[in-house]
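First residue of the sequence shown: 123, per our numbering; consecutive thereafter. Don't be surprised by glycine CBs; every beta carbon is placed ideally from N, CA and C.
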Amino acid sequence: MKKVIVATKNKGKAKDFETLFHPFGFSVLTLHDVANDMDIEETGETFQENAILKAEALSQRLNMFVIADDSGLIIDALNGAPGVYSARYAGESKSDEANMDKVLEELSNIDDPGRTARFYCAIALAGPDFETKTVYGTCEGVIAKEKKGTNGFGYDPIFYVPQLGKMMAELSAEEKGSISHRGNAIKKIQAELPNLFK
Ligand code: IMP
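Here's what the structure looks like:
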């Protein structure tokens, strides 16, 4: 199988990418496989900046093509928070449960029409003698009043997807990939991948 290198240590993201790349005959290698000692600091102010930072750091180290994803949840009633701070919204422990509890608490006085949100994913593709390319994808939804579902990761149990009438955490990996921010971003570069990852 051909391999795509993804600059992440997040197991949930890695699984999403495996599902997305499998139909094209690719398996996924992550930082755990290729540079376990590497901890890339996300100092950018936007998803794009952080995705580029991660992709270029790993690509320079390996001298190979890599992709990186920087993603998060944008909640309208919270003026776009947690945004680029999604992973550590409730603190440095990066606990999905604590992050969701914080969001539910902050939205506790807000009813349905005001609970709109979207997932955003920026993907950067970097490689030797290659001008780094970025694409993005989004997925519209509504923040539910309580957690439901056990699939996926991060904020999936509180993210309702009106398009499918289910919570993100109730979708199979393939269903999530077909409508997700990550899936929508990958669709924009999938045609280029076979030439870059062999
Ligand atoms: P990053 O590693 O800085 O890109 O952090 C991304 C964070 O955004 C994750 O830790 C999750 O909290 C959240 N996130 C990104 N994509 C998803 C998703 O597909 N489902 C649920 N949460 C997500």
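Cβ-Cβ distance between residue i and residue j below 8 Å
i       : j       : result
Gly-259 : Gly-213 : no
Ala-244 : Phe-169 : yes
Ser-302 : Asp-198 : no
Gly-299 : Leu-195 : no
Val-156 : Ala-248 : no
Euclidean distance between Cα positions of residue i and residue j
i       : j       : result
Glu-262 : Lys-320 : 34 Å
Lys-125 : Leu-151 : 7 Å
Ala-313 : Ser-230 : 43 Å
Ile-162 : Thr-130 : 9 Å
Ala-291 : Phe-241 : 13 Å
Ser-208 : Ile-280 : 14 Å
Phe-148 : Lys-133 : 17 Å
Met-123 : Ala-177 : 22 Å
Ile-174 : Gly-205 : 17 Å
Asp-278 : Leu-184 : 32 Å
Leu-309 : Pro-235 : First, the residue type needs correcting, since residue 309 is Lys and not Leu in the sequence shown. Between Lys-309 and Pro-235, the C-alpha separation is close to 30 Å.
Asn-221 : Gly-287 : 23 Å
Arg-215 : Ala-307 : Note on residue identity: the sequence assigns Ser, not Arg, to residue 215. About 28 Å.
Ile-232 : Leu-200 : 11 Å
Phe-275 : Leu-293 : 11 Å
Leu-318 : Ser-193 : 23 Å
Tyr-211 : Asp-251 : 36 Å
Glu-253 : His-154 : 26 Å
Arg-237 : Glu-296 : 26 Å
Lys-255 : Ala-203 : 26 Å
Gly-166 : Asn-273 : 29 Å
Ala-179 : Met-186 : 11 Å
Met-289 : Tyr-282 : 4 Å
Met-160 : Ser-181 : 12 Å
Phe-146 : Ala-246 : 19 Å
Leu-321 : Glu-140 : The structure shown has nothing for residue 321, since the chain only spans 123 to 320.
Integer-rounded CB distance, given that residue j should sit under 8 Å from residue i
i       : j       : result
Ile-135 : Asp-191 : According to the sequence shown, residue 135 is Lys rather than Ile. Indeed, because the Cβ distance is near 6 Å, the residues count as touching under 8 Å.
Val-264 : Pro-284 : 6 Å
Glu-164 : Asn-172 : 5 Å
Beta carbon proximity, residue i to chain C, threshold 8 Å
i       : result
Met-289 : In the structure shown, chain C cannot be found, because there is only a single protein chain.
Using the beta carbon as the reference atom, which residues fall closer than 5 Å to any heavy atom of ligand 1, ordered along the chain? Asp-192, Ser-193, Gly-194, Ser-208, Ala-209, Gly-276, Tyr-277 and Asp-278
Three or more beta-carbon pairs under 8 Å between the stretch 221-231 and the stretch 265-275, yes or no? yes
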